[in-house]
Amino acid sequence: MTFHRDDNYQIDWRIIFIVMGLMAIGFVSLFLALRADSSGSVTRTLAVQVLWWIFGWGLAVLLMHLDADQLFRFAPIAYALGIGLLIFVLFAYSRSLAASNNAKSWLSFGGLTFQPSEVMKPSLILMLARCVYVHNNKYPVHTVSSDFLLIGKCLPTLSLF
């Protein structure tokens, strides 16, 4: 697999500003919802949200420095990690969250909670992209039979969901 990135690539700042605008809207919405619900700490919840944003932006910056070859080599590992987390949550879900709102798809580590399905979403997309890329290198001419073969290759990946 050889896929090289142009060294003159530029960041699309419009997308960055749109994402930042959506983050601001989400932050204000979370603040207003928390203020109306007096059961939790507004400051703590907002601080945790900011920590997740910092983590997400850091991960995005890291991923921007990888080329497609590196991402495609990482795809099976990320996919296996996602599957492992989905299986793990079946047995180790947060009992307190399940008791309060019947949510059995959350893991809790200390005061932080997250859904393993959120790890699985980009992993699945990356794995499917890898599958399509490898297939298109092997079958450069698209025919109906090669397209059905590609669908057949992707179905086992999708059938887990």
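If you read the sequence shown in UniProt numbering, its first letter stands for residue 1, the second for the next number, and so on. Ideal Cβ placement from N, Cα and C applies to all residues, glycine included. Bear in mind that the values here come from a model prediction, so they are computed numbers and not experimental data.
Next item on the list: List in chain order: all unbroken beta strand (DSSP E) runs of 3+ residues lying wholly within the region 60-143.
Entry: Whole beta strand (DSSP E) segments, 3+ residues: 107-109 and 112-114.
Notebook entry, point to check: Mapping DSSP to helix, strand and coil, what is Ser-41?
Noted result: Here Ser-41 sits in coil by DSSP.
Item checked: Simplified DSSP state of Gln-10, which is helix, strand or coil -> DSSP places Gln-10 in coil when its eight states are reduced to three.
Check: In angstroms, rounded to a whole number, what distance separates the CA positions of Ser-123 and Arg-14?
Finding: Approximately 25 Å, taken between the alpha carbons.
Margin query: Check whether the region 64-78 and the region 34-48 touch, using three or more Cβ-Cβ pairs below 8 Å as the test.
Written below: Counting C-beta pairs closer than 8 Å gives fewer than three between the region 64-78 and the region 34-48, which falls short of the contact rule.
Next item on the list: Count the other CB atoms, across all protein chains shown, that sit within 10 Å of the CB of Pro-116; report buried if there are 16 or more and exposed otherwise.
Entry: It is buried - the Cβ of Pro-116 has at least 16 other Cβ atoms within 10 Å.
Check: Using 8 Å as the threshold, is the region 124-137 in touch with the region 145-155, meaning 3 or more CB pairs across them?
Finding: Judged by pairs of C-beta atoms under 8 Å, the region 124-137 touches the region 145-155, as three or more such pairs exist.
Next item on the list: Would you grab the beta carbon distance between Arg-90 and Thr-113 for me? Rounded to a whole angstrom, and I think it's under 8 Å.
Entry: Per the sequence shown, the amino acid found at residue 90 is Leu instead of Arg. That belief does not hold up - the Cβ atoms of Leu-90 and Thr-113 are roughly 16 Å apart, past 8 Å.
Notebook entry, point to check: Comparing alpha-carbon positions, which option in Ser-41, Ala-78, Ala-24 and Gln-49 lies nearest Arg-130?
Noted result: For the residues Ser-41, Ala-78, Ala-24 and Gln-49, the minimum Cα distance to Arg-130 belongs to Ala-78.
Notebook entry, point to check: By the 10 Å Cβ neighbour count, where 16 or more other Cβ atoms means buried, how is Met-20 classified, buried or exposed?
Noted result: With fewer than 16 other Cβ atoms within 10 Å, it is exposed.
Item checked: Whole-Å CB distance - Ala-75 paired with Leu-126, under 8 Å assumed -> Confirmed, Cβ separation roughly 4 Å.
Next item on the list: Measure from the alpha carbon of Ala-92 to the alpha carbon of each residue in Leu-30, Asn-102, Leu-107 and Asp-147, then state which is nearest.
Entry: Ranking the options by Cα distance to Ala-92, first place goes to Leu-107.
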